[in-house]
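According to UniProt numbering, the sequence shown holds residues 1 to 204 in order. Take a look at the structure set out below.
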Amino acid sequence: MTYTVALTGGIGSGKTTIANGFASLGVPLVDADVIARLVVEPDSPGLKALQQHFGDTILLPDGKLNRAQLRHIIFQNQQEKAWVNQLLHPLIQQETQKQIQQIRAPYFIWVVPLLVENKLTHLADRILVVDVTEEEQITRTMQRDGVSRDHVLKILQAQAKREQRLAVADDIIENHDNSLNQDEQIKQLHQHYLELAQKSNTGQ
């Protein structure tokens, strides 16, 4: 099994930037958000099941999933949320395993925003947390998504607390607005992960 480094962080923490930093060094990425979109693409079994269950209201005119509408439905109804999770989680897991099996590298970065919330920490060999303050999360998400402060606060309430993520971290990259050394940190961690992966493979 390829050595797995799970990369996580709250909304607006800059996970994508850090993940891309590793990708630029040739490290494969397996991104849970990308996979979650993949399993509900037009004509996919996932989207067909959602359409059957909720009707055409969850489709956009071009046949793609109306994410905002689906979010609205499951945000208000815990039973529907559970149903959607039961449908999509196995599909996401299946696609994740498929991508992992195709990796031919010492290690890969598994980008999982909800690693702590979905109790997936045991599936990683190492956990890297991208850490920022809550205020930075709020400001960045408001600017990026054009949403209100209240909207971001609701998302934060549904996510793990900063302390919970830091508690499971093996490594931390601080991605504050004034941080300038992330590239150097990524290079150092890359070397560290290569060494850990080699030890893991040789059973040391």
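Every residue, glycine too, gets a C-beta built ideally from N, C-alpha and C.
Could you tell me whether the segment 110 to 129 touches the segment 2 to 22, using the rule of 3 or more Cβ pairs below 8 Å? yes
Backbone secondary structure at I172 - three-state DSSP: Walking along the sequence shown from the start, residue 172 turns up at place 172. In the structure shown, I172 sits in a strand (DSSP, three-state: E or B).
Residue burial classification, G55 (beta-carbon count within 10 angstroms, cutoff 16): One-based indexing of the sequence shown puts residue 55 at position 55. Result: exposed.
Assign R149 to one of two classes, buried (16 or more other C-beta atoms within 10 Å of its C-beta) or exposed (fewer than that). In the sequence shown, counting from the first residue as 1, residue 149 sits at position 149. With fewer than 16 Cβ atoms within 10 Å of its Cβ, R149 is classed as exposed.
When the Cβ atoms of the segment 105 to 115 are set against those of the segment 19 to 36, are three or more pairs found closer than 8 Å? yes
Please name the residue, chosen from E135, P90 and A167, that lies closest to L153 on a Cα-to-Cα basis. Numbered from 1 along the sequence shown, position 153 holds the residue referred to as residue 153. Closest by alpha carbon: E135.
For I35, does the three-state DSSP call read helix, strand or coil? Taking the first residue of the sequence shown as position 1, residue 35 is located at position 35. Helix at I35.
The alpha helix (DSSP H) that contains I18, what's its start and end? In the sequence shown, residue 18 corresponds to position 18, counting from 1. Start and end: K15 to A23.
G63 burial status per 10 Å Cβ neighbour count (16 or more: buried): Taking the first residue of the sequence shown as 1, we reach residue 63 at position 63. It counts as exposed.
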